[in-house]
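Its first residue numbered 1058, the sequence shown is counted upward by one per residue in the numbering used here.
Just so it is clear, CB atoms sit at the ideal spot from N, CA and C, and this is done for glycine as well.
From a predicted model like this one, the values you see are computed outputs, not experimental measurements.
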Amino acid sequence: MHRLGRALLGGFARARGSVPRRAAASGEEEQFVFLEYEPPPQAVPERREAPAAARPKAAPAAAEEERRRRGPAAAAAGGAEPWAEAPSGVSCSGCGAELQCRDGAAPGFLPADKYRSAAGGAAGLRAAVCQRCWLLAHHGRAPRLELPAERHRLVVSAALRHPPRHGRGPLLLYVLDVLELPDPVLPQLPALLSAATPAAAVLVVGNKVDLLPRDGPGHLERLRRRVVAACARAGLRGAPLAGVRLASAKTGFGLEGLVSRLQRSWRAAGDVYLLGATNSGKSTLFNALLRSDYCKSRAPDAVGLATVSSWPGTTLNLLKFPIINPTCDRIFRRQERLNAEAEKTEDQLSNEELKYLNHLKKQGYLVGRVGRTFQRPKPSPVVDFDPDVLSYSVDEDPSYSPHKHKEKEEFTYNEVKDARWCFDTPGIAKENCVLNLLTDKEIKLVLPMHAIVPRTFILKPEMVLFLAALGRIDYLQGEKPAWFSVVASNLLPVYITTLSKADAIYEKYAGKELLKVPMGGEERMKEFPPLIPQDVTLEGIGTTEAVADIKLSSAGWVAVTAHAQEKLLLRAYTPKGTALVVREPPLLPYICNIRGARIAGTAAYRTKKPPSRVENLKTTGSR
1058 MHRLGRALLG GFARARGSVP RRAAASGEEE QFVFLEYEPP PQAVPERREA PAAARPKAAP
1118 AAAEEERRRR GPAAAAAGGA EPWAEAPSGV SCSGCGAELQ CRDGAAPGFL PADKYRSAAG
1178 GAAGLRAAVC QRCWLLAHHG RAPRLELPAE RHRLVVSAAL RHPPRHGRGP LLLYVLDVLE
1238 LPDPVLPQLP ALLSAATPAA AVLVVGNKVD LLPRDGPGHL ERLRRRVVAA CARAGLRGAP
1298 LAGVRLASAK TGFGLEGLVS RLQRSWRAAG DVYLLGATNS GKSTLFNALL RSDYCKSRAP
1358 DAVGLATVSS WPGTTLNLLK FPIINPTCDR IFRRQERLNA EAEKTEDQLS NEELKYLNHL
1418 KKQGYLVGRV GRTFQRPKPS PVVDFDPDVL SYSVDEDPSY SPHKHKEKEE FTYNEVKDAR
1478 WCFDTPGIAK ENCVLNLLTD KEIKLVLPMH AIVPRTFILK PEMVLFLAAL GRIDYLQGEK
1538 PAWFSVVASN LLPVYITTLS KADAIYEKYA GKELLKVPMG GEERMKEFPP LIPQDVTLEG
1598 IGTTEAVADI KLSSAGWVAV TAHAQEKLLL RAYTPKGTAL VVREPPLLPY ICNIRGARIA
1658 GTAAYRTKKP PSRVENLKTT GSR
């Protein structure tokens, strides 16, 4: 286990759009939600977990159950058993927390029986993950840890202030969510460094570009310029900034290029740290690099995948894998593989490759194929013949032998004594973020998981647009209609009404199915902060180009397009304590043009989903 930050961590206690449905009350009130994006019932947890601030304290009747949940240390009257009290010294491969069975509310917890069974097995605790990672991976939910946001920052800061190894400062691979521009954590990066790391370089990776549609020629270069400008405003320019790249850790777009960039410029000069805000995609990128040419060939067998979830703050401590030494021969062989794969067409892929590629196309607009040049030969499977398994009658259920855990491989001393490492670090919490107010069930609806289908509406003055119950934009004054393009999760409904009815609509339907998020009815809305207004004045530049984005915290944004020199007075609302940002210039200035025909009798246009593009794959050809 990498021990940096353990002392700090020990105190942790933390397509197509459907035709709109009209409200019965008025033909002017419309709800636009995409039914085909409704999650299957099993994808949403049955039980709604309220935010920590609103969670009721345990009743006295549940005290005994709470003591039992906290493990043998709390349940044993005469004191805990030695194996329960002694530090395990083993990290959870999913989140990095030290495994323990003493406190169910602390990081790294395993129930006592699971802990004892894993510790006594052939693979030991090295093959185990904590209960929280297990629940996140298999059920999409987990108990919330009450962790101060500053703890994550301290773990990251302590790691970066460690004296440089190999005589070279680290490379900081800052993962930036392009949907969150301007990134709220990027300006804090210089404060995390110190005089102990003067040679540290920063390579910024603009992640999640797969979620944004192509709004016009050169849209990726425009996105890259926006990221470069954000870096300049944060004080990252010149020597410390090693470059800016766009990628998608989820679909693999841009990752082969990122690996080539790292191997050719940084080579194996020093350690690499993945940094960024919560939910920026660091752990997804860590897993993608682990399965690429960037790590040693044995690493996937010896290093577990990081736990990935929509819940902020999944990673709790440092995770790592050893970086392969990019010798000239390895770089040459890797480039040969990339050149050969770039000459393929879709009909030359295997059925398995094609099926996976089509799956990725449904996830995002930009897709890449990440492979491995250097792989260990896979041993032939050995079938264990157990006659006891076969000796049962037709009236009996088979009694299978206990599952034998595959022993986890370990690196030898010589393999890693001079190794450079790639570290995944805890995400730094975003302040004034709407996600901090939501439950795990609500977060799954708010965070986009599939390619965003823009929804465009034409509004006249004194009309109102609701984005669920998380944001609202009033068109107060203007001479002509204007276009409002919503870029947000496809699961969040958009509701159009008039200014005179807007307050009543919010009071009646916030917390209910019509506005969807938050969910939980009147009781949920009692604890949810009210919407706070902010006036916005804009001047249009033409009917084909947006003038600005109104970013409603992390719920999404609305691009505003108006006639040239047309002055608009808008009033935008977000929940109290969250940030509302007017982004000029807009991230996707031509987003208004991605729309179908006007839906008669409504303010909406039909949606249009642009096609996906696969990187390094020919689009035509045959076997």
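Assigned secondary structure, residue i (DSSP; H/G/I helix, E/B strand, else coil)
i	result
Asn-1264	strand
Leu-1233	strand
Ser-1611	helix
Pro-1459	For Pro-1459, the predicted model reports a pLDDT of 38, less than 50, meaning its position is unreliable and no value from the coordinates is stated.
Ala-1632	Correcting the residue identity first, residue 1632 is Pro in this sequence and not Ala. Correct three-state label for Pro-1632: strand.
Ile-1656	coil
Met-1506	coil
Glu-1467	coil
Tyr-1172	helix
Ile-1515	strand
Glu-1641	coil
Ile-1651	coil
Glu-1488	coil
Val-1617	strand
Asp-1404	helix
Thr-1676	coil
Leu-1217	helix
Ala-1567	coil
Ala-1476	coil
Asp-1560	helix
Glu-1584	helix
Contacts around residue i, its chain only, beta-carbon distance under 8 Å, and the 5 residues preceding and following it disregarded
i	result
Arg-1105	At Arg-1105 the pLDDT is 41, less than 50, meaning the model places this residue with poor confidence; the figure from the coordinates comes in the next sentence. Same-chain partners within the cutoff: Thr-1496, Lys-1498, Met-1576, Gly-1577.
Glu-1466	Arg-1355, Asp-1358, Ala-1359
Asn-1673	Glu-1313, Leu-1395, Glu-1398, Ala-1399, Gly-1425, Arg-1426
Pro-1632	Val-1491, Leu-1494, Leu-1527, Phe-1585, Pro-1586, Pro-1587, Leu-1588, Ile-1589, Ser-1610
Leu-1238	Arg-1283, Val-1284, Ala-1287, Arg-1640, Leu-1644
Cβ separation of residue i and residue j, assumed to be a contact under 8 Å, to the nearest whole Å
i	j	result
Leu-1571	Val-1503	In fact, because the Cβ distance is near 16 Å, the residues do not count as touching under 8 Å.
Val-1671	Leu-1522	Rounded, the Cβ-Cβ distance is 35 Å, inconsistent with contact.
Phe-1480	Leu-1376	7 Å
Thr-1364	Gly-1151	3 Å
Gly-1370	Gly-1484	6 Å
Leu-1373	Gly-1153	5 Å
Tyr-1231	Val-1213	That pair is no contact at about 11 Å.
Ile-1648	Ser-1542	5 Å
Pick from the options that is closest to residue i, judged by C-alpha positions
i	options	result
Ala-1306	Ser-1349, Val-1617, Ala-1359, Val-1259	Ser-1349
Gly-1300	Gly-1263, Leu-1342, Asn-1336	Gly-1263
Gly-1226	Ala-1326, Ala-1176, Cys-1288	Ala-1326
Leu-1229	Arg-1189, Tyr-1330, Thr-1469	Tyr-1330
Gly-1653	Thr-1659, Pro-1646, Arg-1663, Leu-1527	Arg-1663
His-1276	Leu-1645, Gln-1622, Ser-1214	Leu-1645
Pro-1643	Lys-1633, Glu-1623, Ala-1525, Asp-1606	Asp-1606
Ala-1539	Ala-1525, Val-1473, Ala-1619	Ala-1619
Ala-1525	Gln-1534, Pro-1511, Tyr-1552	Tyr-1552
Pro-1511	Arg-1281, Val-1186, Pro-1667, Leu-1556	Pro-1667
Leu-1609	Thr-1601, Ala-1567, Ile-1530	Ile-1530
His-1507	Val-1266, Arg-1218, Arg-1159	Val-1266
Leu-1280	Arg-1290, Ala-1559, Val-1235, Ala-1621	Val-1235
Ala-1621	Pro-1221, Leu-1595, Arg-1391	Leu-1595
Glu-1278	Gly-1292, Gly-1295, Leu-1303	Leu-1303
Leu-1269	Pro-1239, Pro-1505, Lys-1558	Pro-1505
Pro-1241	Gln-1188, Thr-1554, Val-1638, Gly-1309	Val-1638
Gly-1191	Ala-1257, Cys-1149, Val-1544	Note that residue 1191 corresponds to Trp in the displayed sequence, not to Gly. Comparing Cα-Cα distances from Trp-1191 to each of Ala-1257, Cys-1149, Val-1544, the minimum goes to Cys-1149.
Neighbourhood of residue i by C-beta, 6 Å cutoff - its chain only, sequence neighbours within 5 removed
i	result
Glu-1403	none
Lys-1501	Ser-1367
Lys-1517	Pro-1538
Asn-1336	Pro-1369
Ala-1185	Ala-1175
Thr-1676	none
Ala-1291	Leu-1243, Pro-1244
Arg-1390	Thr-1430
Met-1582	Ala-1567, Gly-1568
Neighbourhood of residue i by C-beta distance below 7 Å, restricted to the same chain and skipping five residues each side
i	result
Gln-1320	Pro-1383, Ile-1388
Lys-1665	Ile-1651, Arg-1652, Gly-1653
Gly-1428	Arg-1394, Glu-1398
Thr-1635	Asn-1489, Cys-1490, Val-1491, Ser-1610
Val-1473	Pro-1379
Lys-1401	Leu-1674, Lys-1675
Residue i CB to nearest heavy atom of the ligand MG below 7 Å
i	result
Cys-1158	Among the components modelled here there is no ligand, and therefore nothing to report on the ligand MG.
Below-8 Å beta-carbon distance, residue i vs any chain B residue
i	result
Gly-1421	In the structure shown, chain B cannot be found, because there is only a single protein chain.
query = Could you give the uninterrupted runs of the beta strand (DSSP E) lying entirely in the region 1310 to 1348, keeping only those of 3 residues or more?
reply = DSSP runs (the beta strand (DSSP E)) wholly in the region 1310 to 1348: 1329 to 1333.
query = What are the start and end residues of each continuous beta strand (DSSP E) run of 3 or more residues lying completely inside the region 1350 to 1391, in chain order?
reply = Within the region 1350 to 1391, the complete beta strand (DSSP E) runs of at least 3 residues are 1376 to 1380.
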